[in-house]
Structures are given as structure tokens and as C-alpha cells.
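**Student:** Quick one: the structure is below, and I'll ask about it shortly.
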Amino acid sequence: MAKFGFIGVGNMGGAVAAAAAKLVHPQEILVSAGHTSHAEAFAQSCGAVASDNDTIAQSAKFVVLGVKPQMLEQVLRQIRPWLEIRTDAILVTMAAGITMQNIADMMGGGYPVIRIMPNLSVQVGEGITLYDANDRVRQEDLEEFLAAMSATGKLDHVPEHLMDAGAAVAGCGPAFACMFAEALADGGVACGLPRQKAREYAAQMLLGTAKYLQDTSIPSAVLKDNVCSPGGSTIQGVRALEQGGFRSAVMEAVIAAYEKNKEFIK
Ligand SMILES: NC(=O)c1ccc[n+]([C@@H]2O[C@H](COP(=O)([O-])OP(=O)(O)OC[C@H]3O[C@@H](n4cnc5c(N)ncnc54)[C@H](OP(=O)(O)O)[C@@H]3O)[C@@H](O)[C@H]2O)c1
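Those letters in the sequence shown? Residues 931 to 1196, per the numbering used here, in order.
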């Protein structure tokens, strides 16, 4: 029996599968995609085995659903007959806004289901993946799964009812952070910096600030105050951000993403 089967290896399924291939023998990982050529190309890139949905449903212990939420029902309908004759398969979903109960309902029965919410940064081993599992998942199986996922970055257990809120920060956040990085670089270019240097400074500054916040546990508001010398330039920048509604815009972005996540729930 293969350990992992990834149905869908696009942006996110592919990033999680590639991370798993660092810790699980790649030959234990089956992958499928909508286009066979995509599955083959992905398999070749990390040493996994190109396969198909039916084979994965028949033989993988962890059946990881990496398709878009709107494709999920169709894929589950396809693999359901295979899973019905097995007792040892564990479904893993990463679909935004779809609960473990939704998955069980679509499958017409009680299945062990693990729900994960990874983010873009799993591609560089610095992701934050939120997870929860239903009560049919045995602790040792959950631990085996999490151990294989550990190359993605941090893993954090969160009760499922908080998953959509967590996803709005951790899952959608990379897009917001990239917009901030882009705007910083644009500002630098407007002040005469070459584009490449402006981008590099913005990215390294974000990395360093995030590390500082994590390593010291200093609240971000205190760190901000520490950088603002009385009468200095940073507080003038803070003033400009407040005039532009920066903090309110970011809060609204998270709330809008959260509301959209909830909309997906059937
Ligand atoms: N992107 C993110 O930042 C993010 C964050 C958290 C969670 N998620 C979740 O991750 C899931 C995947 O999103 P994504 O952004 O990775 O999507 P994506 O890049 O579009 O990838 C979708 C994958 O599904 C495959 N696929 C489509 N139909 C299939 C079928 N019938 N059988 C098998 N595979 C099929 C596609 O194959 P082809 O390439 O051959 O078409 C592709 O490999 C979604 O549920 C999303 O909510 C995404």
C-alpha cells in the first residue's frame, strides 16, 4: 500500500506533495492530476509515482484531495466506490470553506478525515499549516501524517470552527503581504532605487521583521513604537499609512476573505 496519494498536484497540492517527498520515500507517494502529463511532470520533479484517481483511491493510506473546491464533489463521486470497500483509507482535505462533515456527507458515510489549511510558504518550508481531524482518525495515524508534513514548516492544531478565520490570515495573507512588498518596492523606485534592490530590501525587511516578532515575542505595536524616534522619519511614514487607512484596509481584507471562505460551506 502506498502511504500517500495526492489527487491534484497544482499550486498547493503540489507544494504539500513535494514537501512530503522529502520525508517519505517518494516511491510511497502517488500523484494524479486532471491532465496525465501534469501528473507525470510533477512526479518526475520529485521522484513520486504518476498515477490516477482510481489507483490512489484503491491503494493510498492518506488520500489527499488537492483539487479546487468546486471539483471536489465530482472527484469524491469518482473515488467513492473504491473507498467504500476499504477500511484503512484516511481522507485529507485542504479545500477552503469545506468542512470535514461536508466531506463525510459527500461520501455518504463516516470516514476518517483530516482537514489542513496550508499556505503558499509551504513551498519554501516556512509555511503555516492549520489542521484538525475528526474523531475517526486514530492518534497514531494523525501523528504519522503530521510527521510527513513537517517539511512544510509549522503545523498548528486549531478547532475546525476557527479554520476559516485562520485561513483568512494564514492562507490569504501571503497575497496581502506580497501586495505590501510590491508597494514598498514601488515606493523605493519612486525615490530612485533600482527595482531589483527595492524588491530585495522589501523582502529581506519583511523576513527579518517576521523573525524578530517570532523570536522575541515582542508585540508588533511595541516594535513599531521602538522604530519610531520622536520627530523622526518613520513616524511620518506611519502618519501617511494612517491617512491612507492602512490598518483598516488590512482588517477589512481579512474579514472579506473570511466571509468568502464561509460562503463555500454547503
Ligand atoms: N493556492 C493556495 O494558496 C491555497 C491555500 C490553501 C488551500 N488551498 C486549497 O488547495 C486546493 C487546490 O488549490 P490550488 O490553488 O492548488 O489549485 P490548482 O493550482 O488549480 O490545482 C488543482 C489541481 O487539481 C488537478 N485536477 C483538476 N481536476 C482533477 C481531477 N478530476 N482529478 C485529479 N486532479 C484534478 C489539476 O490538474 P491539472 O493541472 O492537470 O489541471 C491540478 O493539479 C483547493 O481546495 C484550495 O482551496 C489553496
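Even for Gly, the Cβ is constructed at its ideal location relative to N, Cα and C. Keep in mind that this is a model prediction, so the values were computed, not measured.
Label residue 1137 either buried or exposed according to how many other C-beta atoms from any shown protein chain fall within 10 Å of its C-beta, with 16 as the threshold for buried.
**Tutor:** Taking the first residue of the sequence shown as position 1, residue 1137 is located at position 207. So residue 1137 counts as exposed.
**Student:** Within the same chain, show all residues whose beta-carbon is closer than 6 Å to that of residue 1165, passing over the 5 residues directly before and after it, in chain order.
**Tutor:** If you number the sequence shown from 1, residue 1165 lands on position 235. Closer than 6 Å at the Cβ level, and outside the excluded window around residue 1165, lie 1158.
**Student:** Of all the CB atoms in chain B, is at least one closer than 8 Å to the CB of residue 1095?
**Tutor:** Within the model displayed, chain B is absent; a lone protein chain is all it includes.
**Student:** For residue 1196, count neighbouring C-beta atoms within 10 Å of its own C-beta (all shown protein chains included) and say buried if the count is 16 or more, exposed if not.
**Tutor:** As a first step, residue 1196 must be located in the sequence shown, where it is residue number 266. Interpretation of residue 1196 is limited by its pLDDT of 46, a score under 50 that renders its predicted location unreliable; no figure is taken from the coordinates.
**Student:** With DSSP as the reference, identify every bridge partner of residue 1047, one or two as the case may be.
**Tutor:** Stepping through the sequence shown from its first residue, residue 1047 is reached at position 117. Bridge partners of residue 1047: 1060.
**Student:** By DSSP, does residue 993 sit in helix, in strand, or in coil?
**Tutor:** Here the question's residue 993 lines up with position 63 in the sequence shown. Strand.
**Student:** Shortest alpha-carbon distance to residue 1041 belongs to which of 1079, 1174, 1017 and 1056?
**Tutor:** By 1-based counting over the sequence shown, the position of residue 1041 is 111. Of the listed residues, the one whose Cα sits closest to residue 1041 is 1017.
**Student:** According to DSSP, is residue 1147 helix, strand or coil?
**Tutor:** If you number the sequence shown from 1, residue 1147 lands on position 217. Here residue 1147 sits in coil by DSSP.
**Student:** Per the contact definition of three or more C-beta pairs closer than 8 Å, is the stretch 1110-1120 in contact with the stretch 1051-1071?
**Tutor:** No, the stretch 1051-1071 does not touch the stretch 1110-1120.
**Student:** Going by alpha carbons, who is nearest to residue 968 out of 1051, 956, 982 and 1072?
**Tutor:** Your numbering for residue 968 matches position 38 in the sequence shown. Ranking the options by Cα distance to residue 968, first place goes to 982.
**Student:** Do residue 1047 and residue 1101 have their C-beta atoms closer together than 8 Å?
**Tutor:** Working through the sequence shown from its first residue, we reach residue 1047 at position 117. Working through the sequence shown from its first residue, we reach residue 1101 at position 171. Yes, the pair counts as a contact, with Cβ atoms nearer than the cut-off.
**Student:** What are the start and end residues of each continuous alpha helix (DSSP H) run of 4 or more residues lying completely inside the stretch 944-994, in chain order?
**Tutor:** Runs of the alpha helix (DSSP H) inside the stretch 944-994: 966-976 and 983-989.
**Student:** Which value, in whole angstroms, describes the spacing of the CA atoms of residue 1192 and residue 1097?
**Tutor:** Against the sequence shown, residue 1192 aligns to sequence position 262. Against the sequence shown, residue 1097 aligns to sequence position 167. Residue 1192 and residue 1097: Cα-Cα distance of roughly 11 Å.
**Student:** Give the residues whose C-beta lies closer than 6 Å to at least one heavy atom of ligand 1, in chain order.
**Tutor:** Spelled out in chain order, the answer is 937, 938, 939, 940, 941, 942, 943, 962, 963, 964, 965, 968, 983, 996, 997, 998, 999, 1001, 1005, 1024, 1025, 1026, 1047, 1048, 1049, 1050 and 1101.
**Student:** Using DSSP with H/G/I as helix, E/B as strand and the rest coil, what is residue 1136?
**Tutor:** In the sequence shown, the residue the question calls residue 1136 occupies position 206. Looking at residue 1136 - three-state DSSP - the assignment turns out to be helix.
**Student:** Where does residue 1085 sit, in a helix, a strand or coil, going by DSSP?
**Tutor:** Here residue 1085 corresponds to residue number 155 of the sequence shown, with the count starting at 1. It is a strand residue.
**Student:** Can you give the Cα-Cα distance for residue 1077 and residue 1049, rounded to whole angstroms?
**Tutor:** On the sequence shown, residue 1077 is found 147 positions in, with the first residue counted as 1. On the sequence shown, residue 1049 is found 119 positions in, with the first residue counted as 1. Their Cα atoms are separated by approximately 18 Å.
**Student:** Hey, quick one: how far does the beta strand (DSSP E) through residue 998 stretch, first residue to last?
**Tutor:** The residue you call residue 998 lines up with position 68 of the sequence shown. Per DSSP, residue 998 belongs to no beta strand (DSSP E) and is neither H nor E.
**Student:** Note down the Cα distance separating residue 941 from residue 958, rounded to an integer number of angstroms.
**Tutor:** Locating residue 941 in the sequence shown gives position 11, where the first residue counts as 1. Locating residue 958 in the sequence shown gives position 28, where the first residue counts as 1. Whole-angstrom Cα-Cα distance: 21 Å.
**Student:** Provide the residue span of the alpha helix (DSSP H) that contains residue 1028, from first to last.
**Tutor:** Here residue 1028 refers to the residue found at position 98 when the sequence shown is read from its first residue. Premise fails: residue 1028 is in no alpha helix (DSSP H) and is neither H nor E.
**Student:** Which residue from 1184, 1131 and 1122 puts its Cα closest to that of residue 1094?
**Tutor:** As a position in the sequence shown, residue 1094 is number 164, starting the count at 1. Considering only alpha carbons, the answer is 1184.
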